[in-house]
């Protein structure tokens, strides 16, 4: 059942076996694990079923917050969460989302990276990765079959001992905004309340047991509550940490924050223009279809390159991917844009998405796009120069005469950021329309991370050269630093990090908040480290794993 929270009288008291804060992909995947059971599940989310100006305003960060050049964050509330931001054109949907599991090295403790290491082993998530693929409409048996085909003679990586092939699969985001929301609407035991903004978590005097969550359905509407046996925060990399920090009734420093870890160790995935790879033989363009986005068995896939685990260990570098996009000679990308231009470009993306999905156009986005129209023009010029290839669209391998059509590959990197304690979110003195303190973001790309990324690029360039494949000319800016295309990919991780030691983390290996017996987090915020991999698949896998754990304590039937 889906209910507009604004229909609830002020002072309403809801109750369920399980309460989930949020209605994004993690929350939906978790809730549906309890469908058709005797257990009652309530989801509360501050947004509308469609994005609205007021909902976006509630989620904005404080003025002055930034991740590099990015000052607008994907923190706005709406039912479906980040599924509204997925817009990869896979040939089957305009809402494709990139899926890839973490590497083994990403889970490991690395002696050169402070605070690295998960309390989980890679094998602990194998079965949950398979189930998560299924949730995104990707048959698990296809995943393994596609990986087994990666070692074809045309594989670039086969000729480089330092580098290996990896594969992105693309899930269908429409499932979360249509199919799964319809399933919740028709469910007898799951109720989703929208326009219900969580304000604070109420715990007992010892802050060891959560009793209820207080929420409001509109500014000045009065406070209502939801009680449950167990509570899960599934409000994304920022929202879950914000609610813990705001819950000071029994813990003055915030719930789960006895050691000042909540909000800290914020990580993202900087996106870089790596440079240009010029093949020694033009025939490589005809043979490298593995690296194009294409349909296999009805599922969109795309190959990419990455350093092998043993190379990352030996060289003590950060994880990094390399995506290959064929270009014509003379192709150049726009250098890092100013905040004004960056904001305009992302506003234009949101406007395009609104038109495509027949959802309301936000006036603020129109104004932001107009103020930075020159930034939009720069990005459009890049796409016109190579209209067949970008992060959201493939299909170049189907073109004829590729060895004559293209001359270089653009190399694009998504790179790992190490967990640093000083990268964090915290509560500012600014207030949102509900009177809640807005988050403020303090983030930098540390010099040691930049240096490790530079070294990883050099290893890749040397591997191409030693294999006789061609020259990878690494792009550098005027200061001889990596060329940053987007300092944020909105992959917010680490702010409620997982560690079995409460002094080092916020949640344990079962995603339970330290010091509590019935409060959990399902979000990328629990990642101790994030590799280069888009976090979506691992978020869903952890949510499903948490569901299995909760079933054992809630006597699931």
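Numbering (my numbering), first residue to last: 184 to 740. Beta carbons are placed, not taken as given, at the ideal position from N, Cα and C, and that holds for glycine.
Strand pairing of residue i, partner residues [DSSP]
i: residue 198; result: 410
i: residue 281; result: 353
i: residue 187; result: 377
i: residue 483; result: 353 and 478
i: residue 524; result: According to DSSP, residue 524 bridges with nothing at all.
i: residue 460; result: 592 and 655
i: residue 372; result: Its beta-bridge partners do not exist; DSSP assigns none.
i: residue 396; result: 384 and 409
i: residue 415; result: 203 and 703
i: residue 488; result: 348 and 505
i: residue 598; result: 503
Where residue i falls: helix, strand or coil (DSSP)
i: residue 446; result: coil
i: residue 593; result: strand
i: residue 584; result: coil
i: residue 474; result: helix
i: residue 721; result: helix
i: residue 272; result: strand
i: residue 727; result: helix
i: residue 605; result: coil
i: residue 743; result: Nothing about residue 743 can be reported from this structure: the residues present for the chain run from 184 to 740 only.
i: residue 454; result: strand
i: residue 493; result: helix
i: residue 293; result: coil
i: residue 386; result: strand
i: residue 530; result: helix
i: residue 498; result: helix
i: residue 574; result: coil
i: residue 262; result: coil
i: residue 467; result: helix
Same chain, Cβ closer than 7 Å to residue i, five either side skipped, listed in chain order
i: residue 627; result: 606
i: residue 639; result: 490, 500, 501 and 503
i: residue 683; result: 302, 691 and 692
i: residue 743; result: The shown model of the chain, from 184 to 740, leaves out residue 743, and the question about it has no answer.
Cutoff 6 Å; reference residue i; Cβ partners in own chain excluding five residues on either side
i: residue 711; result: 301, 680 and 681
i: residue 386; result: 393 and 433
i: residue 423; result: 416, 679, 704, 706 and 708
i: residue 356; result: 266, 269, 278 and 280
i: residue 669; result: 454
i: residue 198; result: 410
i: residue 202; result: 225, 409, 411 and 414
i: residue 654; result: 461
i: residue 726; result: 209, 212, 213 and 705
Same chain only: Cβ atoms within 8 Å of residue i, ignoring 5 sequence neighbours per side
i: residue 186; result: 374, 375, 376 and 377
i: residue 288; result: 492, 495, 496, 502 and 714
Residue i: CB within 7 Å of a non-hydrogen atom of the ligand PLP
i: residue 205; result: In the structure shown, the ligand PLP is absent, as is every other ligand, since no ligand is present at all.
Exercise. Three or more beta-carbon pairs under 8 Å between the stretch 465–476 and the stretch 663–678, yes or no?
Worked result: Per the Cβ contact rule, the stretch 465–476 is not in contact with the stretch 663–678 (fewer than 3 Cβ pairs under 8 Å).
Exercise. If you pair each beta-carbon of the stretch 584–592 with each one of the stretch 483–499, do three or more pairs fall below 8 Å?
Worked result: Segment contact: the stretch 584–592 against the stretch 483–499, fewer than three CB-CB distances shorter than 8 Å; contact not assigned.
Exercise. Is it a yes or a no for the stretch 434–441 touching the stretch 380–396, going by three-plus beta-carbon pairs under 8 Å?
Worked result: With a cut-off of 8 Å on Cβ pairs, the stretch 434–441 is in contact with the stretch 380–396, counting three or more such pairs.
Exercise. Which residue spans inside the stretch 198–232 form an unbroken alpha helix (DSSP H) run of at least 4?
Worked result: 208–215
Exercise. With contact counted as at least three CB pairs below 8 Å, one residue from each stretch, are the stretch 673–693 and the stretch 601–619 in contact?
Worked result: yes
Exercise. Are the stretch 278–287 and the stretch 713–729 touching by the rule of at least three beta carbon pairs closer than 8 Å?
Worked result: Yes, they touch.
Exercise. Does the stretch 348–367 come close enough to the stretch 391–408 to have 3 or more Cβ pairs within less than 8 Å?
Worked result: no
For this session: For the stretch 454–464 and the stretch 611–620, state whether three or more C-beta atom pairs, one from each stretch, are separated by less than 8 Å.
Result: no
Exercise. Where in the stretch 297–349 do unbroken runs of the beta strand (DSSP E), each at least 3 residues long, occur, reported from the N-terminal end onward?
Worked result: none
Problem set entry | Sequence ranges, alpha helix (DSSP H) only - wholly within the stretch 600–647, length at least 4 | none
Exercise. Taking one C-beta from the stretch 398–411 and one from the stretch 188–202 each time, how about it: are there three or more such pairs within less than 8 Å?
Worked result: Touching, per the Cβ criterion.
Exercise. Counting Cβ pairs, one atom from each stretch, are 3 or more of them under 8 Å apart for the stretch 631–648 and the stretch 471–480?
Worked result: no
Exercise. Do three or more CB pairs link the stretch 354–372 to the stretch 260–274 at distances below 8 Å?
Worked result: With a cut-off of 8 Å, the stretch 260–274 and the stretch 354–372 count as touching, because enough Cβ pairs lie within range.
For this session: Give, in chain order, every unbroken run of the beta strand (DSSP E) that is at least 3 residues long and sits entirely within the stretch 632–716.
Result: 653–657, 666–669 and 702–704
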